[in-house]
Amino acid sequence: MRGVKSPTKKGLSQRVLFVYGTLRQGQPLHKLLQGANFLGEGRVQGFALYDLGDYPAACPQEGGLVWGELYEVPEDIISLLDEVEDEYCRETVQVELLDGGRLQAQMYVFRRSLPESLRIFSGKWEKSFSS
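Printed below as a string of structure tokens:
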């Protein structure tokens, strides 16, 4: 996988996580991933991205696309993220890597319907936060 680091083989204590919003680099909750290993960037098909103001939501949607980052995350951080992302369900998805490869990862998915007017058709959520 050119351009994407391979996950280490540390057993069940690590999970590969795909993030697309406030957990990404430069976003306010990225600090929660301290201790996680950045693997690279990619995209997930079959989900649409919606702007909920201060954070986005990825919902199952045929033909949709979500761009994000991949991390290898220790299990204790996953437990913390599950509490923070309590509106979302963590699901296994297929991530298409920038080099054309594929990798299974988990992603936080929003399971409520949202108005089409909030949809981000580019699949890329960009938000600037001032300190």
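Residue numbers 3 to 133, in the working numbering, belong to the letters of the sequence shown in order.
Even glycine gets a Cβ: it sits at the ideal position worked out from N, Cα and C.
- A distance below 6 Å between beta-carbons, with the five flanking residues on each side excluded, links Glu71 to the following residues of its chain, in chain order: Val21, Arg26 and Glu43.
- According to the DSSP secondary-structure assignment, Gln47 is paired through a beta bridge with Leu67.
- One alpha carbon belongs to Ser124, the other to Leu67, and they sit about 8 Å apart.
- Of the residues Lys126, Ser15, Arg45 and Arg113, the one whose Cα lies closest to the Cα of Cys91 is Arg113.
- Gln16 has its alpha-carbon roughly 21 Å from the corresponding atom of Val46.
- Within the DSSP secondary-structure output, Arg113 pairs in no beta bridge.
- Beta-bridge pairing by DSSP links Val97 to Leu105.
- Under the three-state reduction of DSSP, Leu31 is assigned to coil, being neither helix nor strand.
- Nearest to Glu64 by alpha-carbon distance, out of Val18, Gly28 and Gly48, is Gly48.
- For the pair Ile79 and Glu85, the Cα-to-Cα distance works out to about 10 Å.
- With distances taken between CA atoms, Ala59 lies nearest to Glu89 out of Gln106, Glu89, Gly102 and Leu83.
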